[in-house]
Amino acid sequence: MKSKHVAVLLGGFSSERPVSLSSGKACADALETEGYQVTRVDVSRDVGSVLAELKPDVVFNALHGPFGEDGTIQGILEYLAIPYTHSGVLGSALAMNKEQAKKIAKSMGIPVAESKVVNRFAIQDKHPMKPPYVVKPVNEGSSFGVVIVHEGQSHPPQVIGSSDWKYGDTVMVERYVHGRELTCAVMGDVALGVCEIIPTGHSFYDYDSKYVAGGSKHECPAKISPNIYQKIQTLTLRAHQAIGCRGVSRSDFRYDDRHSENGEIVWLEVNTQPGMTPTSLVPEIAAQAGHSFGDLLSWMVEDASCLR
Numbered sequence: 001m002k003s004k005h006v007a008v009l010l011g012g013f014s015s016e017r018p019v020s021l022s023s024g025k026a027c028a029d030a031l032e033t034e035g036y037q038v039t040r041v042d043v044s045r046d047v048g049s050v051l052a053e054l055k056p057d058v059v060f061n062a063l064h065g066p067f068g069e070d071g072t073i074q075g076i077l078e079y080l081a082i083p084y085t086h087s088g089v090l091g092s093a094l095a096m097n098k099e100q101a102k103k104i105a106k107s108m109g110i111p112v113a114e115s116k117v118v119n120r121f122a123i124q125d126k127h128p129m130k131p132p133y134v135v136k137p138v139n140e141g142s143s144f145g146v147v148i149v150h151e152g153q154s155h156p157p158q159v160i161g162s163s164d165w166k167y168g169d170t171v172m173v174e175r176y177v178h179g180r181e182l183t184c185a186v187m188g189d190v191a192l193g194v195c196e197i198i199p200t201g202h203s204f205y206d207y208d209s210k211y212v213a214g215g216s217k218h219e220c221p222a223k224i225s226p227n228i229y230q231k232i233q234t235l236t237l238r239a240h241q242a243i244g245c246r247g248v249s250r251s252d253f254r255y256d257d258r259h260s261e262n263g264e265i266v267w268l269e270v271n272t273q274p275g276m277t278p279t280s281l282v283p284e285i286a287a288q289a290g291h292s293f294g295d296l297l298s299w300m301v302e303d304a305s306c307l308r
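Using full-length UniProt numbering, you'd call the opening residue of the sequence shown number 1 and step up by one each time.
Here it is in C-alpha cells:
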C-alpha cells in the first residue's frame, strides 16, 4: 500500500545534525518517488506534539547521534504508538553505548578489542594502556571525538582533557587494531554483502571520510577470501540479533591480514541508524544485493512496527 503517510524525521539537535539532514532529504525524496505521501519533520524538543497532530502511518527515522539513535526518540514513538523504522528502544540504547554493546558481542563469541571505560580527566597525565590505542566517546556516532594515539607517543592527547572536548566525560580506551576497514549490512534477518572502506588521505574512517564526497573509496564487494567474507557476514548477523537490532543495521570491523590470510577479525560496533546519504555504505551494499535505493526504503517502511 504505497499511499501510506510517512513522516521522515531528520535534522535534530545532536552533533550529527548535518548528516541527518542529508540522510533525511535523500530518503524523503526517494520515498516520494516510490509513491508514499511524505512529510519532512525537522526534529526539535516538541517532536511528540508535532507527530501527535500529524498522525502519520509510519515514522521513518533518519536521525543520527544521541536522542535519535539511543532509544530516546524510539520511546516517544512507542508512547505515541506510531510504527517506526530501524531498531527499538532497547536495541538502540545498547548499540549506542559502546561498552554495553561490546560486552554483549563478546558474550556471544564475537571477537572484540581489549578496552576500558575511564573518566577523560584520569588519562591526562599517563597512558591508560600501552600505545597504540584509540580513545572514543562512549555514546557518539560518525567517529565524532575519536582520537588515535600512535605507537611511540610520549603522552596522552591533550585534547581529551581540554575544555574544547564536548563529547562527555566518560570515554572508552580501546586497543588499536591494525588492518583493513570492513563493514557489512543486515536487512531483516539477512546479512548482505561485505564492503571495504579505503579512506582517501585520512588515517582512518573519520567524519570526512564518511560524508564528504571523495573522502573514501568503497570496494563493494570487498576483495577478501570467501571464508573471511562469510565469517564477517556470520558475525554481523550474530551481533544484530544479540543486541536486539531490527530492520537495517551495519556492523564495522577491522581485519588485520598483514601476517596471514586468516589474520585477525575484530568487531568494532553496530550502527542502528546507518547513514543514508549519497556516499553512504548501506545503500551501496544493498544495491550489490539487487535492492535499489527506493526498494530498500520501501522495505524499511513496510517493515516498520512498534515494540521492536
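Yeah, the Cβ is synthetic: ideal placement off N, Cα and C, and Gly gets one too.
Between residue i and residue j, is the Cβ-Cβ spacing less than 9 Å?
i              : j             : result
proline 131    : glycine 145   : no
methionine 300 : histidine 86  : yes
alanine 28     : valine 50     : no
isoleucine 232 : leucine 268   : no
isoleucine 82  : valine 47     : no
glycine 88     : glutamate 99  : no
arginine 308   : tyrosine 167  : no
glutamate 16   : glycine 91    : no
lysine 126     : histidine 155 : yes
leucine 10     : valine 58     : no
With distance defined between alpha-carbon atoms, name the residue in the options nearest to residue i.
i             : options                        : result
alanine 191   : Thr170, Glu181, Ile148, Arg238 : Arg238
arginine 250  : Gly193, Gln288, Tyr229         : Gly193
lysine 217    : Ser14, Ser162, Glu284, Met276  : Glu284
glutamate 189 : Ala122, Asp303, Phe13, Lys103  : According to the sequence displayed, residue 189 carries aspartate and not glutamate. That would be Asp303, whose Cα lies nearest to the Cα of aspartate 189.
threonine 234 : Ile265, Glu261, Ser260, His259 : Ile265
valine 138    : His155, Ile197, Arg120, Gly294 : Arg120
valine 270    : Ala62, Ala26, Asn227, Ile110   : Ile110
valine 112    : Val43, Val177, Ala122          : Val177
valine 248    : Arg258, Leu296, Ala122         : Leu296
Distance check for residue j and residue i, CA to CA, integer angstroms please.
i             : j                : result
proline 274   : leucine 54       : 26 Å
histidine 240 : valine 186       : 7 Å
serine 142    : alanine 105      : Any reading at serine 142 needs caution, since the residue's pLDDT is 49, under 50, leaving its predicted position unreliable; the model's value is listed next. Their backbone Cα atoms lie some 20 Å apart in a straight line.
proline 18    : methionine 172   : 25 Å
alanine 52    : phenylalanine 67 : 18 Å
glutamate 114 : isoleucine 148   : 15 Å
serine 20     : isoleucine 73    : 14 Å
aspartate 206 : glutamine 158    : Confidence at aspartate 206 is low in this model, with a pLDDT of 44, below 50, so the placement of that residue should be treated as unreliable; the coordinate-derived value is given next. Roughly 19 Å separates the two Cα atoms.
histidine 291 : serine 163       : 46 Å
Sort out for me which residues DSSP pairs residue i with in a bridge.
i              : result
histidine 5    : Gln37
asparagine 119 : Thr170
serine 216     : Pro199
alanine 289    : DSSP output for alanine 289 lists no bridge partner at all.
isoleucine 148 : Val134
tryptophan 267 : Phe253
Going by the C-beta, is residue i closer than 8 Å to any heavy atom of the ligand ZN?
i          : result
valine 134 : The ligand ZN is absent from the structure shown, which contains no ligands of any kind.
Exercise. How about the segment 238 to 248 and the segment 93 to 112: do they share at least three Cβ pairs that are nearer than 8 Å?
Worked result: yes
Exercise. Would you call the segment 170 to 182 and the segment 252 to 262 in contact, with 3 or more CB pairs under 8 Å?
Worked result: yes
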